[in-house]
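Residue 539 is where the sequence shown starts when you use this note's numbering, and the numbers rise one by one after that. One structure is given here, and the rest of the page talks about it.
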Amino acid sequence: MDLVKRLLKARGLSSLAFLIALFIIVGAMNPAFLTPATIAACFNTSVVYTLVAVGVAFTLFIGEIDVSVGSNLGLVAVVVGSMLRDGTPLPVACLVGILIGVAIGLVNAWGVAVMKAPSLIFTLGTNGVLRGIVYVYTNGQWVENLPKEFKDFSAVTGIGDFTVYYCAVIALVILIHFALIQTRRGRWFAAVGDNANGATLVGIPALQTKILAYVICGVMAAIGGIIFCSRIGFVTPMSGNGYEMKAIAACVLGGVSLLGGVGSVLGAAVGSVIMASISYLLVFMGFSSNYDNAITGVILIVIVVVDALLQHRSIVQNRHARLNARVSPKATSEVLAEQIADFGEAAMSPLGKKGGVR
539 MDLVKRLLKA RGLSSLAFLI ALFIIVGAMN PAFLTPATIA ACFNTSVVYT LVAVGVAFTL
599 FIGEIDVSVG SNLGLVAVVV GSMLRDGTPL PVACLVGILI GVAIGLVNAW GVAVMKAPSL
659 IFTLGTNGVL RGIVYVYTNG QWVENLPKEF KDFSAVTGIG DFTVYYCAVI ALVILIHFAL
719 IQTRRGRWFA AVGDNANGAT LVGIPALQTK ILAYVICGVM AAIGGIIFCS RIGFVTPMSG
779 NGYEMKAIAA CVLGGVSLLG GVGSVLGAAV GSVIMASISY LLVFMGFSSN YDNAITGVIL
839 IVIVVVDALL QHRSIVQNRH ARLNARVSPK ATSEVLAEQI ADFGEAAMSP LGKKGGVR
């Protein structure tokens with residue numbers, strides 16, 4: 539597991555280098571790309587992806603997944619959009635949207651953490667139900683005529699050409715990052731994903747941690763839905779469709795393991811910028827943006843295969859180490875007990891000073 543963590547951490551750092559190199563290469567092909575406004579636009583476009591990816595990262599930290607975030611985002615967007623269109627005060631509409639996210643998170647947590655259903659299958663079912671609710675709620679119609687002030691706020695800049703939305707989201711991501719690595723409760727997520735049974739044995743409330751992870755995921759998707767509504771200015775019944783794939787790809791591209799226990803929300807944020815920039819990069823390279831989804835799928839497949847290979851290599855190395863410990867002439871009962879304890883400590887490393895969500 540240590541090997542996997544080291545390589546995934548390196549991948550998380552390399553994703554930032556990859557983003558910079560990508561911008562330089564495209565800029566060399568088309569100098570018009572390397573302008574402050576265009577680069578800022580890539581980052582500003584990633585704001586919703588970042589929120590959704592950070593939420594998904596929490597479920598990946600605990601060794602699960604949530605593929606209902608796209609429909610969650612879409613449902614919140616149509617509800618909040620229709621409420622604002624009908625004159626509901628913004629704080630009330632936003633509160634309703636966030637409560638919807640909490641409710642969806644609790645439903646997923648009940649199915650996965652309490653009922654022990656496979657997270658992929660259960661949240662896939664939730665995704666279908668939510669998308670159906672969106673169509674029924676909107677009757678297949680677009681939600682338009684949103685308040686002008688609500689739409690215009692998405693263009694308000696905070697620092698340079700970066701919007702207030704993006705600055706606020708990045709500040710939130712940094713706050714979450716430090717909470718995950720500096721607080722005991724924050725390290726619980728990685729501990730549960732690394733070894734749920736071991737975490738329970740040392741007193742970590744694994745069930746509550748999983749429930750909280752899904753609630754956070756639901757809330758982040760809901761906030762993403764509200765900002766999506768403001769940025770786009772209208773909502774369709776298909777809004778949010780495909781966001782789950784981009785969020786997962788952003789997470790794993792940023793070094794979050796699909797197998798749990800390893801990753802960083804900062805890495806997920808960097809991965810989100812890469813995923814959000816694909817359409818821009820294709821246009822500036824002279825290609826159609828229709829290749830966006832295909833490229834996202836290829837990236838996801840490659841990273842999943844790499845994750846599987848890394849995990850297999852780690853398992854083989856651990857088996858060889860245990861075998862050597864058993865057949866060693868010095869393998870007394872005390873030595874074996876100490877080595878077993880070392881393996882347990884390595885598995886639970888997120889609880890230590892060198893562990894946690896990197």
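By construction, the Cβ of each residue, glycine as well, lies at the ideal position given by its N, Cα and C atoms.
Under 8 Å between C-beta atoms of residue i and residue j
i: residue 568; j: residue 825; result: no
i: residue 684; j: residue 772; result: yes
i: residue 642; j: residue 610; result: yes
i: residue 762; j: residue 589; result: yes
i: residue 712; j: residue 553; result: no
i: residue 636; j: residue 740; result: no
i: residue 690; j: residue 575; result: no
i: residue 803; j: residue 668; result: no
i: residue 614; j: residue 638; result: yes
i: residue 797; j: residue 601; result: yes
i: residue 616; j: residue 675; result: yes
i: residue 749; j: residue 647; result: yes
i: residue 764; j: residue 618; result: yes
i: residue 810; j: residue 688; result: no
i: residue 701; j: residue 779; result: no
i: residue 612; j: residue 777; result: yes
Assumed close pair residue i, residue j - CB separation to whole angstroms, cut-off 8 Å
i: residue 681; j: residue 584; result: About 23 Å separates the two Cβ atoms, so there is no contact after all.
i: residue 556; j: residue 751; result: The Cβ separation is near 27 Å, so there is no contact.
Residue i versus residue j: straight-line alpha-carbon distance, rounded
i: residue 781; j: residue 759; result: 10 Å
i: residue 787; j: residue 580; result: 17 Å
i: residue 799; j: residue 591; result: 16 Å
i: residue 730; j: residue 571; result: 43 Å
i: residue 742; j: residue 726; result: 7 Å
i: residue 652; j: residue 715; result: 27 Å
i: residue 792; j: residue 597; result: 15 Å
i: residue 640; j: residue 633; result: 10 Å
i: residue 836; j: residue 829; result: 11 Å
i: residue 709; j: residue 724; result: 17 Å
i: residue 850; j: residue 831; result: 29 Å
i: residue 842; j: residue 790; result: 8 Å
i: residue 801; j: residue 732; result: 11 Å
i: residue 745; j: residue 775; result: 34 Å
i: residue 595; j: residue 794; result: 7 Å
i: residue 577; j: residue 693; result: 15 Å
i: residue 783; j: residue 587; result: 10 Å
i: residue 846; j: residue 728; result: 19 Å
i: residue 565; j: residue 735; result: 49 Å
i: residue 677; j: residue 654; result: 34 Å
i: residue 785; j: residue 627; result: 30 Å
i: residue 770; j: residue 679; result: 16 Å
i: residue 695; j: residue 625; result: 26 Å
i: residue 838; j: residue 844; result: 10 Å
i: residue 747; j: residue 738; result: 11 Å
i: residue 630; j: residue 833; result: 39 Å
i: residue 722; j: residue 686; result: 44 Å
i: residue 697; j: residue 720; result: 27 Å
i: residue 649; j: residue 705; result: 35 Å
i: residue 670; j: residue 840; result: 31 Å
Closest Cα partner of residue i within the set the options
i: residue 707; options: 667, 732 and 806; result: 806
i: residue 563; options: 829, 820 and 847; result: 820
i: residue 558; options: 676, 663 and 808; result: 808
i: residue 573; options: 818, 828 and 810; result: 818
i: residue 605; options: 624, 661 and 830; result: 661
i: residue 603; options: 656, 688 and 777; result: 656
i: residue 645; options: 631, 663 and 628; result: 663
i: residue 561; options: 624, 734 and 815; result: 815
Beta-bridge partners of residue i, as assigned by DSSP
i: residue 898; result: Outside the displayed span of the chain (539 to 896) sits residue 898, for which this structure offers no information.
i: residue 773; result: 681
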